[in-house]
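Some notes on the structure that comes next.
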Amino acid sequence: MGEPAGRGQLATSLVEAAVGALLILSVVAGFLWVPVEGGADSTATALDRTAADTLSVLAAEPPVDGGRNRLSAACRSPSSFAAERDALDRRLHSALPTSVFGRIETPHGTVGPARPTGVPTGSATRTVAGCTVTLRVWAV
Numbered sequence: 101m102g103e104p105a106g107r108g109q110l111a112t113s114l115v116e117a118a119v120g121a122l123l124i125l126s127v128v129a130g131f132l133w134v135p136v137e138g139g140a141d142s143t144a145t146a147l148d149r150t151a152a153d154t155l156s157v158l159a160a161e162p163p164v165d166g167g168r169n170r171l172s173a174a175c176r177s178p179s180s181f182a183a184e185r186d187a188l189d190r191r192l193h194s195a196l197p198t199s200v201f202g203r204i205e206t207p208h209g210t211v212g213p214a215r216p217t218g219v220p221t222g223s224a225t226r227t228v229a230g231c232t233v234t235l236r237v238w239a240v
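All residue numbers for the sequence shown refer to the working numbering, where the first residue is 101 and numbers rise by one.
Rendered as structure tokens:
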């Protein structure tokens with residue numbers, strides 16, 4: 101009979117340990133290298149979305165003294181804007197999240213506090229009955 105072949109055999113438990121270690125390292129690497137959403141760009145994008153959603157809510161609201169919606173009534177004239185100002189202010193504050201503030205700008209006036217400097221902002225614009233309404237929002 102011949103001599104045994106010069107081949108050795110790797111222990112199965114050693115192969116299993118190596119595969120397990122590679123699996124654990126790949127999971128850890130996946131968590132480390134996944135980009136995290138955050139930063140100024142995502143905040144501005146979220147605020148833009150909030151502003152657009154809030155304008156949509158305000159556009160669906162019935163006005164105080166007749167018309168298609170609250171925004172078109174506010175754009176009709178300075179006197180109709182004055183009639184809608186308080187209702188717009190109340191609805192704006194109730195439609196925005198707790199830590200977000202906003203200011204509506206129309207050709208006939210503004211509703212809401214002035215935007216502070218140095219805070220992330222978002223905005224949305226809607227044209228209603230030939231009038232441009234801009235909502236600027238910021239988070240504090």
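For each residue, glycine too, the CB sits at the ideal point set by N, CA and C.
Name, in chain order, the residues that DSSP records as bridge partners for residue i.
i: serine 223; result: Arg236
i: threonine 206; result: Gly209
i: phenylalanine 201; result: Trp238
i: valine 228; result: Cys231
Could you tell me which of the options sits nearest to residue i, measuring between CA atoms?
i: valine 219; options: Val240, Gly166, Thr227; result: Val240
i: arginine 276; options: Val157, Thr217, Ala152, Cys231; result: Past the boundaries of the shown model lies residue 276; the chain is included only from 101 to 240, so the question cannot be answered.
i: alanine 214; options: Gly202, Ser126, Arg170, Phe131; result: Gly202
i: alanine 144; options: Ser223, Arg168, Gly230; result: Ser223
Could you give the distance in angstroms between the alpha-carbon of residue i and the alpha-carbon of residue j?
i: valine 118; j: alanine 111; result: Looking at the sequence shown, residue 118 is not valine but alanine. One C-alpha to the other measures close to 11 Å.
i: alanine 183; j: aspartate 148; result: 27 Å
i: serine 113; j: isoleucine 124; result: 16 Å
Could you spell out the range, first to last residue, of the alpha helix (DSSP H) harbouring residue i?
i: threonine 217; result: No alpha helix (DSSP H) contains threonine 217, which DSSP labels as neither H nor E.
i: glutamate 116; result: 112-133
i: alanine 184; result: According to the sequence shown, residue 184 is glutamate rather than alanine. Per DSSP, glutamate 184 belongs to the alpha helix (DSSP H) from 178-195.
Taking 8 Å as the threshold (C-beta atoms), are residue j and residue i in contact?
i: valine 211; j: leucine 192; result: yes
i: alanine 151; j: valine 228; result: no
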